[in-house]
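Visitor:
Residue numbers (the numbering used here): 1 to 422.
1. Helix, strand or coil for residue 153, going by three-state DSSP, please let me know.
2. Which runs of the alpha helix (DSSP H) at least 4 residues long sit entirely within the segment 106-157? Give them in chain order.
3. In chain order, what residues of the same chain have a beta carbon less than 8 Å from the beta carbon of residue 354, not counting five sequence neighbours either side?
4. What does the Cβ neighbour count give for residue 193, buried or exposed, with the cut at 16 atoms within 10 Å?
5. So what does DSSP say about residue 332, is it helix, strand or coil?
6. What are the start and end residues of the beta strand (DSSP E) that includes residue 325?
7. Any idea what DSSP makes of residue 232, helix, strand or coil?
8. Can you pull the DSSP bridge partners for residue 55?
9. Give me the Cβ distance between residue 388 and residue 237, rounded to the nearest whole Å; I'm assuming they're in contact under 8 Å.
10. Taking the alpha-carbon positions, what's the residue 370 to residue 283 distance?
11. Would you list the one or two residues that DSSP bridges to residue 309?
12. CA-CA distance, residue 54 and residue 318?
13. With a cut-off of 8 Å, do at least 3 Cβ pairs link the segment 312-330 to the segment 365-381?
14. From residue 269 to residue 278, what distance separates their C-alpha atoms?
15. Starting from residue 371, trace the beta strand (DSSP E) in both directions and tell me its first and last residue.
16. Note down the Cα distance separating residue 220 from residue 376, rounded to an integer number of angstroms.
17. Quick check on this structure: which residue in 27, 291 and 231 has the alpha carbon closest to the alpha carbon of residue 120?
18. Between residue 333 and residue 112, what straight-line distance do the alpha-carbon atoms span, to the nearest angstrom?
19. Among 37, 102, 362 and 210, which one has its Cα closest to the Cα of residue 381?
20. Just how far apart, CA to CA, sit residue 186 and residue 406?
21. Classify residue 34 as helix, strand or coil using the three-state DSSP reduction.
22. Taking all protein chains shown into account, do 16 or more other C-beta atoms lie within 10 angstroms of the C-beta of residue 350, making it buried, or fewer, making it exposed?
23. Hey, residue 250 and residue 274: beta-carbon distance below 7 Å or not?
24. Please go through the segment 164-197 and give each complete beta strand (DSSP E) segment of 3 or more residues, from N-terminal end onward.
25. Can you check whether the CB of residue 184 is closer than 7 Å to the CB of residue 135?
26. How big is the Cα-Cα spacing for residue 331 and residue 232?
27. How is the beta strand (DSSP E) around residue 299 delimited, first residue to last?
28. Work out the CA separation of residue 215 and residue 224 for me, nearest whole Å.
29. Report the option in 145, 158, 151 and 358 whose CA atom is closest to the CA atom of residue 430.
30. Comparing alpha-carbon positions, which option in 10, 97 and 149 lies nearest residue 160?
31. From the DSSP output, read off the bridge partner residues of residue 227.
32. Would you call the segment 23-40 and the segment 94-108 in contact, with 3 or more CB pairs under 8 Å?
33. Nearest by alpha-carbon distance to residue 222: which of 40, 379, 43 and 63 is it?
34. What is the C-beta distance between residue 320 and residue 286, in whole angstroms, given that I count them as a contact (C-beta under 8 Å)?
35. Can you give the beta carbon distance from residue 348 to residue 299, rounded, assuming they're within the 8 Å contact cut?
36. Measuring straight from C-alpha to C-alpha, what distance separates residue 243 and residue 314?
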């Protein structure tokens, strides 16, 4: 943008277009960037063991302090690596999502040090507030600077202290920094409150699933005894080959359900020849024998988002035999509650965790016995649980809107396009 085309009262800087009364400094000019303590140092004189903060403890905007380790350091070096209240912590890197993330240290642990993969930035508070630096660094501008200035290889990236010191920082007057921080902290509180409500609703949903799907709590109006039946009497195995050359190749994510491989892996890992893959249709189920976090015995998911999808023959796929007797919505919830796990532990053969897959055969899978109610009660239970899911969906959508609103507000406040009255 040419100087003549700039809005009156603004100037062009390395940061971007900012108000003329905002000076631009590098982080090294307004703060001390302190590197941390390396582990494994030998020949330490006057050793003392103290708690220290690792990359695993520094999350994006908060500290995770459930596991604090100790490190041995010389008494003479304690002062150099000791964290002080108001230090802004930055992670050196690792995975892309760990690059430059951080938060403010508020003396959560006394006499605490920081490791060499974490920078402790001690600002000159006559020029910049720790809260303002933390907000700026978590913005899209901060993320972009760290990414562009980092050393990268495959899925890893890192920054060093020299690059961090060169980080360009626009400086609104201190009262304006305080006002900006206050507005964004209020928005953070709204986001956190919504997250707390979501967590409470998720716990209630889990409780409802445990009670209703096992018959511990019955839906009003139903009293018939539940019957034990094998999966093979409820479902037919689906081995339909992809003869129509459908290219909608999906994988089953335990957390996300059916996901296109291009979205999940950022590439297609399936064979170029897809006619030997299974073709599943909307409403049918697939059991992924891979174990993952929260799903130690694999995950069974229902195809809801696509009319048809192509899956690997490693999955055990199946569909409802008689929809007059079996409610698919009920069994979607039933499988999501991991209620097959007890049976799966009995049929997963020795050595079944080789290569990340459980050794579960289709014949053993369909022989599993479960206890379920008649269809009318299945439907009533499913409706209750779907209502809970809908409520959670609305809350999560609200959370996304709040986060998007915060991004928009950050975009105008951190560039001075919107000035706050002080």
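C-beta: ideal position from N, C-alpha, C; glycine also.
Guide: Let me lay it out:
1. For the purposes of this step, residue 153 is taken as the residue at position 153 of the chain shown. Reduced to three states, the DSSP call for residue 153 is strand.
2. Note on the segment 106-157: whole alpha helix (DSSP H) runs with a minimum of 4 residues are 130-138 and 140-149, in chain order.
3. Walking along the chain shown from the start, residue 354 turns up at place 354. Residue placement at residue 354 cannot be trusted, given a pLDDT of 48 that sits under 50; what the coordinates show is reported in the next sentence. When the five nearest sequence neighbours on each side are left out, no beta carbon in the same chain lies closer than 8 Å to the beta carbon of residue 354.
4. Within the chain shown, the letter at position 193 stands for residue 193. Counting Cβ neighbours within 10 Å, residue 193 comes out exposed, since fewer than 16 surround it.
5. Working through the chain shown from its first residue, we reach residue 332 at position 332. Note: residue 332 maps to helix in three-state DSSP.
6. Within the chain shown, residue 325 is the residue found at index 325, counting from 1. Secondary structure note for residue 325: it is in no beta strand (DSSP E), with a DSSP letter that is neither H nor E.
7. Here residue 232 refers to the residue found at position 232 when the chain shown is read from its first residue. Reduced to three states, the DSSP call for residue 232 is helix.
8. In the chain shown, the residue the question calls residue 55 occupies position 55. In the DSSP assignment, no residue is bridged to residue 55.
9. Your numbering for residue 388 matches position 388 in the chain shown. Your numbering for residue 237 matches position 237 in the chain shown. Incorrect: roughly 31 Å between the Cβ atoms, too far for contact.
10. Position 370 of the chain shown holds residue 370. Position 283 of the chain shown holds residue 283. Near 20 Å, if we compare the C-alpha coordinates of residue 283 and residue 370.
11. Against the chain shown, residue 309 aligns to sequence position 309. For residue 309, which the question treats as bridged, DSSP gives the partners 280.
12. Residue numbering aside, residue 54 sits at position 54 when the chain shown is read from its first letter. Residue numbering aside, residue 318 sits at position 318 when the chain shown is read from its first letter. As the crow flies, the alpha-carbon of residue 54 is around 46 Å from that of residue 318.
13. Result yes; three or more Cβ-Cβ pairs closer than 8 Å.
14. Counting from 1 along the chain shown, the entry for residue 269 is found at position 269. Counting from 1 along the chain shown, the entry for residue 278 is found at position 278. Interpretation of residue 269 is limited by its pLDDT of 49, a score under 50 that renders its predicted location unreliable; the figure taken from the coordinates is listed afterwards. Those two C-alpha atoms are separated by around 15 Å.
15. On the chain shown, residue 371 is found 371 positions in, with the first residue counted as 1. Where residue 371 is concerned, the enclosing beta strand (DSSP E) stretches over 369-372.
16. Stepping through the chain shown from its first residue, residue 220 is reached at position 220. Stepping through the chain shown from its first residue, residue 376 is reached at position 376. One alpha carbon belongs to residue 220, the other to residue 376, and they sit about 12 Å apart.
17. Translated into the one-based positions of the chain shown, residue 120 becomes position 120. The shortest Cα separation from residue 120 among 27, 291 and 231 belongs to 27.
18. Taking the chain shown and counting its residues from 1, the one referred to as residue 333 is at position 333. Taking the chain shown and counting its residues from 1, the one referred to as residue 112 is at position 112. Their Cα atoms are separated by approximately 46 Å.
19. The count along the chain shown starts at 1 and reaches residue 381 at position 381. Cα-wise, what sits closest to residue 381 is 210.
20. Taking the chain shown and counting its residues from 1, the one referred to as residue 186 is at position 186. Taking the chain shown and counting its residues from 1, the one referred to as residue 406 is at position 406. Spanning the two alpha carbons is a distance of roughly 10 Å.
21. Taking the chain shown and counting its residues from 1, the one referred to as residue 34 is at position 34. Residue 34 falls in the strand class under three-state DSSP.
22. What you label residue 350 is simply residue 350 of the chain shown in a count that begins at 1. Because the pLDDT of residue 350 is 48, which lies under 50, any placement of that residue in the model is unreliable, and the number read from its coordinates should be weighed accordingly. In this structure residue 350 is exposed. Its beta-carbon is surrounded by fewer than 16 other beta-carbon atoms within 10 angstroms.
23. Numbered from its first residue, the chain shown carries residue 250 at position 250. Numbered from its first residue, the chain shown carries residue 274 at position 274. The answer is no: Cβ separation not under 7 Å.
24. If one requires a minimum length of 3 residues, the beta strand (DSSP E) runs lying completely within the segment 164-197 are 168-170, in chain order.
25. On the chain shown, residue 135 is found 135 positions in, with the first residue counted as 1. On the chain shown, residue 184 is found 184 positions in, with the first residue counted as 1. Yes, these two residues count as a Cβ contact at 7 Å.
26. If you number the chain shown from 1, residue 331 lands on position 331. If you number the chain shown from 1, residue 232 lands on position 232. Approximately 14 Å between the Cα atoms of the pair.
27. Residue numbering aside, residue 299 sits at position 299 when the chain shown is read from its first letter. For residue 299, the enclosing beta strand (DSSP E) starts and ends at 299-302.
28. One-based indexing of the chain shown puts residue 224 at position 224. One-based indexing of the chain shown puts residue 215 at position 215. Across the structure, residue 224 and residue 215 are spaced so that their CA atoms are roughly 11 Å apart.
29. Here the chain covers residues 1 to 422 and nothing more, so residue 430 does not appear.
30. Translated into the one-based positions of the chain shown, residue 160 becomes position 160. Checking every option, the nearest Cα to that of residue 160 belongs to 149.
31. On the chain shown, position 227 is the one that residue 227 refers to. Looking at the DSSP assignment, residue 227 forms a beta bridge with 372.
32. With the cut-off at 8 Å, the segment 23-40 and the segment 94-108 do not touch.
33. The count along the chain shown starts at 1 and reaches residue 222 at position 222. Shortest Cα-Cα distance from residue 222 to any of 40, 379, 43 and 63 involves 379.
34. Your numbering for residue 320 matches position 320 in the chain shown. Your numbering for residue 286 matches position 286 in the chain shown. In fact, because the Cβ distance is near 14 Å, the residues do not count as touching under 8 Å.
35. Locating residue 348 in the chain shown gives position 348, where the first residue counts as 1. Locating residue 299 in the chain shown gives position 299, where the first residue counts as 1. Between the beta-carbon of residue 348 and that of residue 299 there is about 14 Å, and that puts the pair past the 8 Å contact cut.
36. Reading the chain shown from its first residue, position 243 is the one you call residue 243. Reading the chain shown from its first residue, position 314 is the one you call residue 314. For residue 243 and residue 314, the gap between their C-alpha atoms comes out near 18 Å.
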